[in-house]
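Chemist: Structure below; questions to follow.
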Amino acid sequence: MDGGMPMAGGWTMPMMWMAMPSKGAWNTAWMFLLMWEAMMVAMMLPSTWPILVLYRRVAVFHRHAHASLSPWVVAAGYFGVWLAFGAVAFGAGFSISASAMHSVSISRLVPPAAGLALVMAGVYQLTPLKQACLKHCREPVLYLSHEWRPGLAGAFRLGMHHGAFCAACCWALMLIQMILGVMNLLVMIVIAAIIGAEKLWKRGPSLSRAVGVCTIVAGVAFIAKL
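Here you go:
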């Protein structure tokens, strides 16, 4: 998936959004989703680990059956949500790329649209909804006290519920990553560090606002240079 195709408008289409004649769209999608899920585990597991450990401790304390297996089921539900997020991301990226390849006008609209998307992502970082979702991720004890359900089905449900909140909290950062380079290692490390700091650092809420302001400025500056 390295490299790309120069496009009208002065941008480069990454190879991951293009279906090669020898592979087809479905094979391209599966390859993307496999890499996406591996990336999500690497990026999100450090900040999600506390709630998995806490869940196991609670399950063991209450002597629930399958206590050792339950955290894995929670993780399966959680990363299942991110897999669905990746499927939506691929569908959007693939559709935009396909349209750009067939229309010079659409291709020329991609750079300003990317700048507007950066501004939109930055604005979301400043909203009360972002802070509410972040609060959920920063208070695992309070979250478990409200959402705990026994059994493997309860564990999977909790994982999906937690994943939905996490996706609502981090979708703007994921959008920034997709614009800057969805599989770029440096971008991935920076975004993962921001996500971890937002959730685990005592000044995480302030950091999220600072990232929002910087992203808005970057988006406006990018559009101004076009």
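Using our numbering, you'd call the opening residue of the sequence shown number 1109 and step up by one each time. Note that beta-carbon positions come from the ideal geometry of N, C-alpha and C, so glycine has one too.
Exposed or buried, what is PHE1198 when buried is set at 16 or more other beta-carbons lying within 10 Å of its beta-carbon?
Modeler: What you label residue 1198 is simply residue 90 of the sequence shown in a count that begins at 1. Label assigned to PHE1198: buried.
Chemist: Whole angstroms are fine: how far does the CA of PRO1219 sit from the CA of MET1209?
Modeler: Translated into the one-based positions of the sequence shown, residue 1209 becomes position 101. Translated into the one-based positions of the sequence shown, residue 1219 becomes position 111. Approximately 14 Å, taken between the alpha carbons.
Chemist: Beta carbon of VAL1168, beta carbon of LEU1252: below 8 Å?
Modeler: As a working mapping, residue 1168 is identified with position 60 in the sequence shown. As a working mapping, residue 1252 is identified with position 144 in the sequence shown. The answer is no: Cβ separation not under 8 Å.
Chemist: Roughly how many angstroms lie between the CA atoms of MET1286 and ALA1240, to the nearest whole one?
Modeler: For the purposes of this step, residue 1286 is taken as the residue at position 178 of the sequence shown. For the purposes of this step, residue 1240 is taken as the residue at position 132 of the sequence shown. Rounded to whole angstroms, MET1286 to ALA1240 spans 24 Å at the Cα level.
Chemist: Alpha carbon to alpha carbon, how far is ARG1171 from PRO1258? Give it in angstroms, no decimals.
Modeler: Within the sequence shown, residue 1258 is the residue found at index 150, counting from 1. Within the sequence shown, residue 1171 is the residue found at index 63, counting from 1. Roughly 10 Å separates the two Cα atoms.
Chemist: Evaluate contact between the segment 1301 to 1318 and the segment 1211 to 1231, counting only Cβ atoms and requiring at least three cross-stretch pairs below 8 Å.
Modeler: Touching, no.
Chemist: Quick one: measure Cβ to Cβ for MET1291 and MET1143, integer angstroms, because I've assumed they're closer than 8 Å.
Modeler: Your numbering for residue 1291 matches position 183 in the sequence shown. Your numbering for residue 1143 matches position 35 in the sequence shown. The Cβ separation is near 6 Å, so the contact holds.
Chemist: CB-CB under 6 Å to ARG1216, same chain, minus the five flanking residues each way: which ones, in chain order?
Modeler: Counted from its first residue, the sequence shown places residue 1216 at position 108. The answer, listed in chain order, is ALA1116 and GLY1117.
Chemist: Between which two residues does the beta strand (DSSP E) harbouring PRO1122 extend?
Modeler: Locating residue 1122 in the sequence shown gives position 14, counting from the first residue. Start and end: 1119 to 1122.
Chemist: Check this for me: beta carbons of ALA1280 and VAL1182, under 8 Å apart or not?
Modeler: Working through the sequence shown from its first residue, we reach residue 1280 at position 172. Working through the sequence shown from its first residue, we reach residue 1182 at position 74. Against a cut-off of 8 Å, the Cβ pair of VAL1182 and ALA1280 comes out as no contact.
Chemist: Measure the alpha-carbon distance for ALA1150 versus ILE1297 and round it to whole angstroms.
Modeler: Numbered from 1 along the sequence shown, position 42 holds the residue referred to as residue 1150. Numbered from 1 along the sequence shown, position 189 holds the residue referred to as residue 1297. Cα to Cα, the separation comes out at about 9 Å.
Chemist: Quick check: what's the CA-CA separation for HIS1269 versus TYR1186?
Modeler: If you number the sequence shown from 1, residue 1269 lands on position 161. If you number the sequence shown from 1, residue 1186 lands on position 78. Near 7 Å, if we compare the C-alpha coordinates of TYR1186 and HIS1269.
Chemist: Using three-state DSSP, classify MET1291 as helix, strand or coil.
Modeler: Your numbering for residue 1291 matches position 183 in the sequence shown. Coil.
Chemist: Would you list the one or two residues that DSSP bridges to MET1115?
Modeler: Mapped onto the sequence shown, residue 1115 falls at position 7. MET1115 is bridged to TRP1119.
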